[in-house]
Amino acid sequence: MDYRSLLAIPLAALALSASGADKLRQPSNWIAGASYAWPSGATHEAGVAPETETSGQRALTVRSIGKRAAHEAGSISQFVPGYAGKRVRFSAQVKSAAADGWGGIVVASSYQLLFLSYLAPEFDEVPPLGAAGCPDWCDVSVVADIPADDGSGAISVGLALVGSGQVWARGVKLETVGEDVPLTTQRFGVEAAAAFRVWLGAAQKQFREQLRNQPPSPPQNLSLQ
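Quick look at the structure:
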């Protein structure tokens, strides 16, 4: 096992729009990103679904690149400020195909790339919330309270896919709502976070065992050439 694979998730932000830029158009103001699997590269791609470009209503899409693990994710989202202390509703029509993990829309407090949000330190305190899609187009929404004291008042909204498959969203809308609108309780990324911890533990154990079996190696370039 190459030790660089242990950096795959912490460095996932470097995979922003990397693999899918030539295949899926990146709409302005939206940020696409994905987990990174060494050595193959980004695990997902995201952008505007090509088949909807001339349909009269464009749709966002996130799709996996091959078969993906349960902790690997991709997303397309944008940051919007000004929502501290407010209750917001993010809604869209969403559908998914061959999704073996989770696919849907997500709201995360603060500046979070959605595909990384379930690994954020504040995940347990202010978890991202999600609403999954259906096999055919269905109306879904996420209602979330944005903390008044988080310092930024910004939120991240968008579309995410965990694992393999593809998900689409169209007619996306963000609005503030009153306290009479029930909050969403489904947390995004709980299963993915658990799968990541299992994967990381196994990878670290394998890496330590691999190092333990290496012969003594002298330091290099002590003359500082």
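Sequence positions in the sequence shown follow our numbering and run 861 to 1085. We put the beta carbon where it would ideally sit given N, CA and C, even for glycine.
Alpha carbon to alpha carbon, what distance is there between residue 1012 and residue 1073?
48 Å
Just to confirm before moving on: does the CB-CB distance between residue 952 and residue 1025 stay below 8 Å?
no
Just the Cα atoms here: how many angstroms apart are residue 946 and residue 1002?
14 Å
Where residue 939 falls: helix, strand or coil (DSSP)
strand
Let me know the secondary structure DSSP gives residue 1069 once reduced to three states.
helix
Considering only their Cβ atoms, is the gap separating residue 1018 from residue 936 smaller than 8 Å?
yes
Classify residue 1035 as helix, strand or coil using the three-state DSSP reduction.
strand
Roughly how many whole angstroms lie between the Cα atoms of residue 964 and residue 922?
10 Å
In this structure, how does DSSP classify residue 884 when only helix, strand and coil are distinguished?
coil
Count the other C-beta atoms from every protein chain shown that fall within 10 angstroms of the C-beta of residue 990, then say buried if there are 16 or more, exposed otherwise.
buried
I need the DSSP call for residue 975, collapsed to helix, strand or coil.
helix
Does the separation of the CB atoms of residue 891 and residue 943 fall below 8 Å?
no
Quick check on residue 977: buried or exposed, where buried means 16 or more other Cβ atoms within 10 Å of its Cβ?
buried
Opening and closing residue of the beta strand (DSSP E) in which residue 950 lies:
947–957
So the beta strand (DSSP E) residue 994 belongs to, where does it begin and stop?
Per DSSP, residue 994 belongs to no beta strand (DSSP E) and is neither H nor E.
Per DSSP, cross-strand counterpart(s) of residue 1027:
922, 956
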